[in-house]
Amino acid sequence: MLLAIATLIIVPFLTFFLSTTLFYRKTKNKFPGQTPPTTPYFVPGVFHAFSLAYFGPQKYFAALIDQYGNFAPFVVKAGLGSFLVLRDPKQAERVLQASNQLTTRKSNLHIHERLFGSPKEILKFYAGKGSNGNEAGLVELVHSALPRKYLMGTSLAPLIDTYVSILSRNLNEKMFQVGFWTQIEDFWSFLQQVIARCTIETLFGREIIKQYPSIVKDYLTFADAAASFVPGMPRFLASATYEGPRDRLHEGIAKWLKATHSGSEFAKIDEEDPVWDEDKGSKFIQERDDVFAKTEGVDLKGRAAEVLSVMHGSNSSLLPSAFWTLVEVLRKPQLGKHIAAEISQHYSPQAGEYDVASITETPFIQSVQTEVRRLRVPTVATRTNEVDNFQLDEQWTLPRGMTVMLFSHDISLHTKFWAKARPRTVERPLEEFWAERFLLPNRATSSAKSSKPAKDKIEAGNFSMEGLESLDLVLGGNDDQCLGRDYMRAVHAATLAVFLNEFDLQLCDTDEVDAAIPPVREDAYGTVKPLYPVAVRIRKRRMG
88 MLLAIATLII VPFLTFFLST TLFYRKTKNK FPGQTPPTTP YFVPGVFHAF
138 SLAYFGPQKY FAALIDQYGN FAPFVVKAGL GSFLVLRDPK QAERVLQASN
188 QLTTRKSNLH IHERLFGSPK EILKFYAGKG SNGNEAGLVE LVHSALPRKY
238 LMGTSLAPLI DTYVSILSRN LNEKMFQVGF WTQIEDFWSF LQQVIARCTI
288 ETLFGREIIK QYPSIVKDYL TFADAAASFV PGMPRFLASA TYEGPRDRLH
338 EGIAKWLKAT HSGSEFAKID EEDPVWDEDK GSKFIQERDD VFAKTEGVDL
388 KGRAAEVLSV MHGSNSSLLP SAFWTLVEVL RKPQLGKHIA AEISQHYSPQ
438 AGEYDVASIT ETPFIQSVQT EVRRLRVPTV ATRTNEVDNF QLDEQWTLPR
488 GMTVMLFSHD ISLHTKFWAK ARPRTVERPL EEFWAERFLL PNRATSSAKS
538 SKPAKDKIEA GNFSMEGLES LDLVLGGNDD QCLGRDYMRA VHAATLAVFL
588 NEFDLQLCDT DEVDAAIPPV REDAYGTVKP LYPVAVRIRK RRMG
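88 is the number of the first residue of the sequence shown in this note's numbering; add one for each residue after it.
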């Protein structure tokens with residue numbers, strides 16, 4: 088008995104000592120062709136699984152990056168799974184560009200199976216093992232071709248106009264008044280409800296909300312539980328709390344599909360058909376679901392899971408990016424005035440319409456959106472090596488089956504990389520929101536070298552990612568494949584336009600808001616929420 092107890096005590100510490108020694112020894116070796124070192128662990132065979140389960144992946148990976156980041160790349164193991172954490176943007180760029188060797192296939196399978204609850208018939212397509220021999224074509228169609236057809240360029244504008252109309256109507260139905268302030272005690276929760284409802288109505292139509300009144304509540308419960316999900320992790324590390332709301336979403340969505348997307352010709356997608364149908368939803372959704380409905384073996388559950396994947400893709404990054412942009416605008420009145428002025432130039436009072444495409448192309452708005460994505464929308468992108476001994480660089484090679492993890496938040500806060508790529512970007516600390524970070528100012532060269540801009544002054548300039556390509560690739564490495572960046576940028580800009588042009592907003596207590604901003608390095612990825620409820624006042628602005 089005593090021997091067993093002694094073994095339980097001694098073995099973990101001995102294992103930790105040996106794994107620590109091996110880790111640091113390997114980091115010092117410069118021999119070519121090595122596999123990256125594994126961070127120290129206590130239990131052989133289990134490796135880091137207990138720590139991942141106890142602390143949660145978000146906090147545990149953040150802690151590992153803080154402790155061992157200077158020795159990256161490094162490996163974290165959970166049972167049979169090996170996960171390589173990269174921090175160097177050049178290495179990350181190498182991984183993301185090697186799409187034939189390091190693929191998203193395994194990640195997509197895990198996401199659709201475990202998160203969205205897709206049945207085997209759907210999973211076969213993402214695994215390339217469907218029954219019709221055209222799996223790659225189907226995935227390319229729904230994830231690339233259809234977004235290009237409906238969610239880019241001039242085709243996107245009518246759908247965004249629909250979103251603007253729905254958002255404006257929803258806000259005006261809340262009885263906000265001209266000349267009188269209404270206080271919202273929890274702006275995060277309020278914005279969640281509004282944006283989720285409006286994006287769902289924009290993409291799927293009004294009928295789905297009528298048939299399934301609790302869809303917004305169930306979706307937000309699902310999204311909150313899914314925030315810590317990482318594809319590729321062992322099943323026992325995944326939270327099961329999203330399964331209940333997910334199953335309710337499946338049931339409600341399936342009923343809507345049966346009522347509105349039945350028959351062989353339900354999709355109204357001819358050129359003369361309207362962009363948006365109150366019952367069937369947008370043309371994008373109609374054609375996308377039509378593809379699955381006509382695919383052998385795909386049932387209502389599979390189609391409902393695909394609808395849920397689009398629903399999640401349209402909201403998971405939009406909610407935090409819209410909230411934090413509006414909060415930063417309210418914290419800095421000069422910033423708010425500047426953005427409102429930019430928006431007003433692309434608004435027609437006579438028609439009551441916004442030129443959202445022009446708003447998104449405004450250099451200042453582009454910089455604001457990129458800065459919010461950098462600081463407030465931390466993501467994790469994963470790629471799995473499907474070849475033998477992938478050459479990461481001269482020193483490191485990756486074995487087949489290893490999954491690479493790219494944490495956007497880590498790289499977005501790495502001053503050394505940003506300073507080397509473009510010194511201008513670190514004139515303000517990376518931990519601070521700076522709306523003009525991605526602008527090249529219209530200042531004389533001598534002035535630019537000799538002085539920094541005043542802290543509260545808004546600078547003009549040209550938006551540019553020159554020199555930041557590898558960093559931008561990492562920040563966008565987890566862009567939603569269902570909808571694409573053009574759609575997300577347009578909906579974000581449209582949200583700002585409606586709130587800042589049609590309403591006045593004020594923070595109730597600026598000091599409380601400062602205290603509610605979470606530390607930027609505590610979580611490696613996930614939804615960035617305020618630590619405390621943020622209260623705002625809102626009133627309608629007299630238009631025209």
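Beta carbons: idealized from backbone N, C-alpha and C, even for Gly.
Close-in-space but distant-in-sequence residues of the same chain around residue i (CB under 6 Å, 5 per side omitted)
{"i": "T289", "result": "T249, Y250, I253"}
{"i": "P528", "result": "E546, G548"}
{"i": "A603", "result": "P617, L618, Y619, V621"}
{"i": "H425", "result": "I545"}
{"i": "A581", "result": "I247, Y250, V251, V443"}
{"i": "I152", "result": "D497"}
Counted within 10 angstroms of its Cβ, other Cβ atoms place residue i as buried (16 or more) or exposed
{"i": "I96", "result": "exposed"}
{"i": "E609", "result": "exposed"}
{"i": "T532", "result": "Only weak support exists for where T532 lies, its pLDDT of 42 falling under 50; the value from the coordinates is given anyway. Exposed, since its Cβ has fewer than 16 Cβ neighbours within 10 Å."}
{"i": "V98", "result": "exposed"}
{"i": "P176", "result": "buried"}
{"i": "K193", "result": "buried"}
{"i": "V265", "result": "exposed"}
{"i": "S431", "result": "exposed"}
{"i": "M262", "result": "exposed"}
{"i": "S205", "result": "buried"}
{"i": "S403", "result": "buried"}
{"i": "S186", "result": "exposed"}
{"i": "E518", "result": "exposed"}
{"i": "P131", "result": "exposed"}
{"i": "K388", "result": "buried"}
{"i": "D364", "result": "buried"}
{"i": "Q184", "result": "exposed"}
{"i": "Y299", "result": "buried"}
{"i": "N195", "result": "buried"}
{"i": "S301", "result": "exposed"}
{"i": "F100", "result": "exposed"}
{"i": "E339", "result": "Per the sequence presented here, residue 339 reads as Gly, with Glu not at that position. G339 comes out buried."}
{"i": "F267", "result": "exposed"}
{"i": "L422", "result": "buried"}
Among the options, nearest to residue i - alpha-carbon criterion
{"i": "A409", "options": "R112, K616, H199", "result": "K616"}
{"i": "F477", "options": "F504, T466, T490", "result": "T490"}
{"i": "R293", "options": "A392, D366, N472", "result": "D366"}
{"i": "A438", "options": "A508, Q184, M630", "result": "M630"}
{"i": "A327", "options": "K342, A341, W343, F309", "result": "F309"}
{"i": "Y612", "options": "R487, P144, Y111", "result": "P144"}
{"i": "E599", "options": "V414, N187, R461, K211", "result": "V414"}
{"i": "T512", "options": "T449, T471, G554", "result": "G554"}
{"i": "G400", "options": "D357, T457, R576, L109", "result": "R576"}
{"i": "R418", "options": "V623, N157, R628", "result": "V623"}
{"i": "Y141", "options": "F323, L228, E429", "result": "F323"}
{"i": "T114", "options": "Q482, T449, L307, R201", "result": "Q482"}
{"i": "Q280", "options": "V416, L307, Y155, S242", "result": "L307"}
{"i": "T108", "options": "E429, P124, Y213, E374", "result": "P124"}
{"i": "E272", "options": "C595, E448, D153", "result": "C595"}
{"i": "T122", "options": "A584, L526, V163, E458", "result": "V163"}
{"i": "V455", "options": "R201, F550, C569", "result": "F550"}
{"i": "E448", "options": "T191, G240, Q154", "result": "G240"}
{"i": "G120", "options": "H501, H579, T484", "result": "T484"}
{"i": "T469", "options": "S169, T191, F148, R112", "result": "T191"}
{"i": "L592", "options": "A427, E393, R390", "result": "A427"}
{"i": "Q453", "options": "A354, K370, L583", "result": "L583"}
Close-in-space but distant-in-sequence residues of the same chain around residue i (CB under 8 Å, 5 per side omitted)
{"i": "F103", "result": "P127, Y128, F129"}
{"i": "F118", "result": "Q482"}
{"i": "Y434", "result": "E440, Y441, D442, A584, N588"}
Whole-Å CB distance - residue i paired with residue j, under 8 Å assumed
{"i": "A165", "j": "L189", "result": "With a Cβ gap of about 19 Å, A165 and L189 do not count as contacting."}
{"i": "W505", "j": "L558", "result": "7 Å"}
{"i": "L462", "j": "S495", "result": "Not a contact, Cβ separation roughly 10 Å."}
{"i": "V467", "j": "L493", "result": "7 Å"}
{"i": "R515", "j": "R524", "result": "7 Å"}
{"i": "H197", "j": "G319", "result": "6 Å"}
{"i": "L233", "j": "D573", "result": "13 Å between Cβ atoms; not a contact."}
Check: residue i C-beta below 6 Å from any heavy atom of the ligand GDP
{"i": "E556", "result": "Annotation note on the ligand GDP: not contained in the displayed structure, which lists no ligands."}
Own chain, CB closer than 7 Å to residue i, minus 5 neighbours either side, in chain order
{"i": "Q178", "result": "P160, L479, D480"}
{"i": "V561", "result": "P176, A179, L493, S495, I498"}
{"i": "G156", "result": "R174"}
Quick one: complete alpha helix (DSSP H) runs, 4+ long, within the segment 101–159? Those alpha helix (DSSP H) runs which fall completely within the segment 101–159 and span 4+ residues are 136–142, 144–155.
Quick one: complete beta strand (DSSP E) runs, 3+ long, within the segment 209–280? Restricting attention to beta strand (DSSP E) runs no shorter than 3 residues, the segment 209–280 encloses them at 269–271, ordered along the chain.
For the segment 287–315, which segments carrying the alpha helix (DSSP H) assignment without a break, of at least 4 residues, lie completely within its bounds, in sequence order? 294–298, 302–313
Pick out the complete beta strand (DSSP E) segments inside the segment 409–494, 3 residues or longer, and give them in chain order. 467–472, 490–494
To test your reading of the DSSP string, which unbroken beta strand (DSSP E) runs of 3 or more residues are found completely within the segment 334–383? Counting only runs of 3 or more, we get nothing.
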